[in-house]
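Undergrad:
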């Protein structure tokens, strides 16, 4: 639903694709956004308890943010708002989702992948732990934490945190509601609902009557 330049995509309405990886682990992917001109798709990935994603490689690049549960990779445990940055054509993984995991994957280029046995001799993929990054105060109120500012070409991934009563005109392309009940033109959004705007279109406005957190993607 479009409201003043922002299109709302409800979690309850996204189409899901059931998948099984090479090791037989079931998972599913739900599509929020698929822009062929930008070669950008944003999907919700759901891995059940005990899943393992094998080491793999793909042509595209992605920033995948943990929303719920944990992902264990290279002996490091990633939790909510931590990010796996996967460059093009570089093997990464395996990823262990022992307790199950919900992730938001922003992918530029092809997200189709193939499993591989070995890592590359040079490592460019990154594991980003948000607790090590500082919140920065916004001039208009609220705070922003930059999760990914390099390594994905034009893609920027940020977390925004707004206090109760805040009203903002966003500069980002798309965002997922992490917590709170923000409103777009009076319509209330819930957890993991999603909004986006046209690339060169007006931004609209988002109100935060009770405060809230957004996970935002921008193409610079």
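Numbering (my numbering), first residue to last: 174 to 393. For every residue, glycine included, the Cβ atom is placed at its ideal position computed from N, Cα and C. Note that this is a predicted model, so its numbers are computed, not measured.
Out of curiosity, what's the CA-to-CA distance linking residue 354 and residue 257?
TA: Along the chain shown, one-based indexing puts residue 354 at 181. Along the chain shown, one-based indexing puts residue 257 at 84. Rounded to whole angstroms, residue 354 to residue 257 spans 27 Å at the Cα level.
Undergrad: Would you kindly check if the distance between the Cβ of residue 372 and the Cβ of residue 364 is under 9 Å?
TA: In the chain shown, counting from the first residue as 1, residue 364 sits at position 191. In the chain shown, counting from the first residue as 1, residue 372 sits at position 199. Not a contact, by the Cβ cut-off of 9 Å.
Undergrad: Do residue 282 and residue 243 have their C-beta atoms within less than 9 Å of each other?
TA: Mapped onto the chain shown, residue 282 falls at position 109. Mapped onto the chain shown, residue 243 falls at position 70. No. Outside cutoff.
Undergrad: Which of the three DSSP states, helix, strand or coil, is assigned to residue 207?
TA: The residue given as residue 207 occupies position 34 in the chain shown. Correct three-state label for residue 207: strand.
Undergrad: Contact defined as beta carbons within less than 8 Å: I believe residue 392 pairs with residue 249. What is the distance between those atoms, to the nearest angstrom?
TA: Start at 1 with the first residue of the chain shown, and residue 392 comes out as number 219. Start at 1 with the first residue of the chain shown, and residue 249 comes out as number 76. With a Cβ gap of about 28 Å, residue 392 and residue 249 do not count as contacting.
Undergrad: Quick one: Cα of residue 360 to Cα of residue 230, how far?
TA: Taking the first residue of the chain shown as position 1, residue 360 is located at position 187. Taking the first residue of the chain shown as position 1, residue 230 is located at position 57. Going from the Cα of residue 360 to the Cα of residue 230 covers about 40 Å.
Undergrad: Please determine if the segment 202-216 and the segment 254-274 are in contact, where contact requires at least 3 C-beta pairs separated by less than 8 Å.
TA: With the cut-off at 8 Å, the segment 202-216 and the segment 254-274 do not touch.
Undergrad: Could you please give the first and the last residue of the uninterrupted beta strand (DSSP E) stretch that includes residue 318?
TA: Stepping through the chain shown from its first residue, residue 318 is reached at position 145. Unbroken beta strand (DSSP E) run through residue 318: 316-321.
Undergrad: If you count every other CB in all the chains shown that lies within 10 Å of the CB of residue 297, and 16 or more means buried, which is it?
TA: Position 124 of the chain shown, counting from 1, holds the residue named residue 297. Classification for residue 297: exposed.
Undergrad: What is the DSSP secondary structure of residue 300, reduced to helix, strand or coil?
TA: Numbered from its first residue, the chain shown carries residue 300 at position 127. DSSP places residue 300 in strand when its eight states are reduced to three.
Undergrad: Can you have a look at residue 366 and say buried or exposed, based on whether 16 or more other CB atoms are within 10 angstroms of its CB?
TA: As a working mapping, residue 366 is identified with position 193 in the chain shown. Buried, by the Cβ-count rule.
Undergrad: Considering only the beta carbon of each residue, do residue 317 and residue 299 sit closer than 9 Å?
TA: Position 144 of the chain shown holds residue 317. Position 126 of the chain shown holds residue 299. Result no, Cβ atoms of residue 317 and residue 299 do not sit closer than 9 Å.
Undergrad: How about residue 379 and residue 343: do their beta carbons lie closer than 9 Å?
TA: Against the chain shown, residue 379 aligns to sequence position 206. Against the chain shown, residue 343 aligns to sequence position 170. Yes.
Undergrad: Within the same chain, show all residues whose beta-carbon is closer than 8 Å to that of residue 247, passing over the 5 residues directly before and after it, in chain order.
TA: In the chain shown, residue 247 corresponds to position 74, counting from 1. Excluding positions up to five away in sequence, the list reads 300.
Undergrad: So residue 337 and residue 384 are supposed to be a Cβ contact under 8 Å. How far apart are they, rounded?
TA: As a working mapping, residue 337 is identified with position 164 in the chain shown. As a working mapping, residue 384 is identified with position 211 in the chain shown. Right, their Cβ atoms sit about 4 Å apart.
Undergrad: Can you look up residue 226 in the DSSP assignment and give me helix, strand or coil?
TA: Translated into the one-based positions of the chain shown, residue 226 becomes position 53. Note: residue 226 maps to strand in three-state DSSP.
Undergrad: Report yes if the C-beta distance between residue 306 and residue 319 is below 9 Å; otherwise report no.
TA: In the chain shown, counting from the first residue as 1, residue 306 sits at position 133. In the chain shown, counting from the first residue as 1, residue 319 sits at position 146. Going by C-beta atoms, residue 306 is nearer than 9 Å to residue 319.
Undergrad: Quick check on DSSP: helix, strand or coil for residue 307?
TA: Numbered from 1 along the chain shown, position 134 holds the residue referred to as residue 307. Of the three classes helix, strand and coil, the one that applies to residue 307 here is coil, per DSSP.
Undergrad: With residue 246 as the anchor, note down where its beta strand (DSSP E) starts and where it stops.
TA: Against the chain shown, residue 246 aligns to sequence position 73. From DSSP, the beta strand (DSSP E) with residue 246 extends over 244-246.
Undergrad: Provide the residue(s) that pair with residue 387 in DSSP beta bridges, ordered along the chain.
TA: Looking up residue 387 in the chain shown gives position 214. 333 and 350.
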